[in-house]
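This report refers to the structure that appears directly beneath it.
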Amino acid sequence: MNTLFSGLMRDAAQLTRTGRLVDATQLIQRALQGDTSPAEAPTTTSRAVVEDDVIEAQVRVVEVHPTPEPRGSEAADAWTPGSFTHQGRSIDYMLFVPASASAQPAAAPPLVLMLHGCTQGAADFAAGTRMNEHARENGCIVLYPEQAKRAHGQKCWNWFKTQHQQRGRGEPALLAALTEHIVAQQQADRSRVYVAGLSAGGAMADVLGHCYPDLYAAVGVHSGLPHGAANDMMSALNVMRTGAPEARAVAAKGSQPTIVFHGDADPTVHPGNGRAIVAGALPGTVSEGRSAAGRRYTRTVHPASPGRGDAEHWLLHGAGHAWSGGSAAGSYTQPDGIDASREMLRFFLAHRSTLASEPQQAP
Numbered sequence: 009m010n011t012l013f014s015g016l017m018r019d020a021a022q023l024t025r026t027g028r029l030v031d032a033t034q035l036i037q038r039a040l041q042g043d044t045s046p047a048e049a050p051t052t053t054s055r056a057v058v059e060d061d062v063i064e065a066q067v068r069v070v071e072v073h074p075t076p077e078p079r080g081s082e083a084a085d086a087w088t089p090g091s092f093t094h095q096g097r098s099i100d101y102m103l104f105v106p107a108s109a110s111a112q113p114a115a116a117p118p119l120v121l122m123l124h125g126c127t128q129g130a131a132d133f134a135a136g137t138r139m140n141e142h143a144r145e146n147g148c149i150v151l152y153p154e155q156a157k158r159a160h161g162q163k164c165w166n167w168f169k170t171q172h173q174q175r176g177r178g179e180p181a182l183l184a185a186l187t188e189h190i191v192a193q194q195q196a197d198r199s200r201v202y203v204a205g206l207s208a209g210g211a212m213a214d215v216l217g218h219c220y221p222d223l224y225a226a227v228g229v230h231s232g233l234p235h236g237a238a239n240d241m242m243s244a245l246n247v248m249r250t251g252a253p254e255a256r257a258v259a260a261k262g263s264q265p266t267i268v269f270h271g272d273a274d275p276t277v278h279p280g281n282g283r284a285i286v287a288g289a290l291p292g293t294v295s296e297g298r299s300a301a302g303r304r305y306t307r308t309v310h311p312a313s314p315g316r317g318d319a320e321h322w323l324l325h326g327a328g329h330a331w332s333g334g335s336a337a338g339s340y341t342q343p344d345g346i347d348a349s350r351e352m353l354r355f356f357l358a359h360r361s362t363l364a365s366e367p368q369q370a371p
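The sequence shown runs 9 to 371 under our numbering.
Below you can see the structure in the form of structure tokens.
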């Protein structure tokens, strides 16, 4: 480590001690990128911080109405808040139960757990992804946990810390227990429980798929990172900038069916992380296409192999760090892209868990 690099890191530590977390984060990013030029004057630009650690950037605040569901024929849909506690940790959530979920009493509805990205919340994420619209069409229940600021200053999931990467511990245990609670409460189909997320939420979705393959039948990761890609702030920043080593991702990857979306122009999370999530899958069938608005994509469909579920990888050309096909009513969305929510639900509903057991308290 050269003298200039060391100096930047010392300056960052001093800024952290004085509470100037945004400026400290900017110095750390410059050091990792090899920029050892004199520091610029501090700015007031917002940056997402994970317990003093950066996970996302380019924050914008979006005002979201507390109940974004349309009136009229969907009046019977339920969009309700809740709170849950497990192992001394508490979490708030929003739950969407469409009227269509009870349209066929003999069939238990599927459940999708949706994990927002940094600085987002449940209502914002629901509005931006439009997942409720597609869930209504398919009779799916959608659960939106909301990270607490006391757990993370910018409401990021702590995907990169070892205590939050294991079954039975930290946030994975809390989210799995919450999922079990809602499955029991809503009498959802235990063989059709899925998890998806954006960025830090996508990374945590992959953690949950790895740690709880008996609970989640399939995983959706948008602009995220593979389980085990980092174990502290420094390694998280590095892997976000350069991409996860595929060999490490293969070693850490579970067997769950997984669908991945990632923009090849993502400035926040390197697109190599999306490729690393499906690393080790059998060679796939490649096709190219465009969204209705003309946004190009390359889709690779990987078949299942012994001990490993099938996978899809969608490379979104020219897209940044945003939910493809989302609504401008929410943050971090790319409305002109292929509809990621629709494609995720299609992929999810084609899979049922063969490991689902009787209801139990998730460890």
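Every residue, glycine too, gets a C-beta built ideally from N, C-alpha and C.
- Closest in alpha carbon position to GLN128, among THR341, ALA287, PRO275, is THR341.
- For SER108, the three-state secondary structure derived from DSSP is helix.
- For GLN162 and HIS124, the gap between their C-alpha atoms comes out near 12 angstroms.
- Here GLY90 carries a strand assignment [DSSP, helix/strand/coil].
- In this structure, GLY315 keeps its C-beta atom at 8 angstroms or more from the C-beta atom of THR266.
- When DSSP reads this structure, ASP100 sits in a beta bridge with SER91, GLU154.
- Contact check between the stretch 166–186 and the stretch 83–100: three or more CB pairs, one atom from each, fall below 8 angstroms, which counts as touching.
- The three-state reading of DSSP puts LEU123 in strand, counting E and B together.
- Contact between the stretch 299–307 and the stretch 223–231 is absent: fewer than 3 CB-CB pairs across the two stretches fall below 8 angstroms.
- The Cβ atoms of THR170 and ASN239 sit closer than 8 angstroms to each other.
- PHE104 is positioned such that its CB atom lies closer than 8 angstroms to that of ALA134.
- The beta carbon of HIS278 sits closer than 7 angstroms to the beta carbons of MET248, ARG249, THR250, GLY251 from its chain, once the five residues preceding and following it are set aside; these are given in chain order.
- The Cβ-Cβ distance between ASP272 and LEU206 does not fall below 8 angstroms.
- For SER361, DSSP records no beta bridge to any residue.
- In this structure, DSSP gives LEU233 a state outside helix and strand, which the three-state scheme calls coil.
- Of the candidates LYS157, GLU154, ALA107, the residue whose Cα lies closest to the Cα of GLY147 is ALA107.
- It is roughly 37 angstroms from the alpha-carbon of ALA287 to the alpha-carbon of GLY90.
- Note that the C-beta distance between MET102 and ALA131 is below 8 angstroms.
- For VAL201, the secondary structure class from DSSP, reduced to helix, strand or coil, is strand.
- About 19 angstroms separates the beta carbon of ALA185 from that of PRO118, a gap too long to meet the 8 angstroms contact definition.
- Just so you know, the alpha carbons of VAL294 and ARG158 end up roughly 44 angstroms apart.
- Nearest C-alpha to PRO311 among GLU351, SER263, ALA348, SER299: SER263.
- DSSP assignment within the stretch 262–321 yields the following whole beta strand (DSSP E) runs of 3 residues or more, N-terminal first: 266–271, 293–298, 304–310.
- Annotation for PHE133: the continuous alpha helix (DSSP H) segment containing it runs 130–137.
- TRP322 and PHE355 do not touch by the CB rule: their CB atoms are close to 10 angstroms apart, not below 8 angstroms.
- With fewer than 16 other Cβ atoms from the protein chains shown falling within 10 Å of its own Cβ, ALA358 counts as exposed.
- The beta carbon of PRO180 lies closer than 8 angstroms to those of HIS172, GLN173, GLN174, MET212, VAL215, LEU216, CYS219, TYR220 in the same chain, with the five residues before and after it left out.
- A check of alpha carbon separations from ALA111 across VAL120, LEU290, ILE149 identifies ILE149 as the nearest.
- Contact between ARG360 and ALA225 holds, since their C-beta atoms are separated by about 6 angstroms, short of 8 angstroms.
- Per DSSP, reduced to three states, the secondary structure at LEU245 is helical.
- Between ALA319 and GLY333, the C-beta gap is not smaller than 8 angstroms, which leaves the two residues out of contact.
- Comparing alpha carbon positions, the residue from ASP222, LEU183, LEU182 closest to ARG198 is ASP222.
- Note that the C-beta distance between ARG307 and GLY297 is below 8 angstroms.
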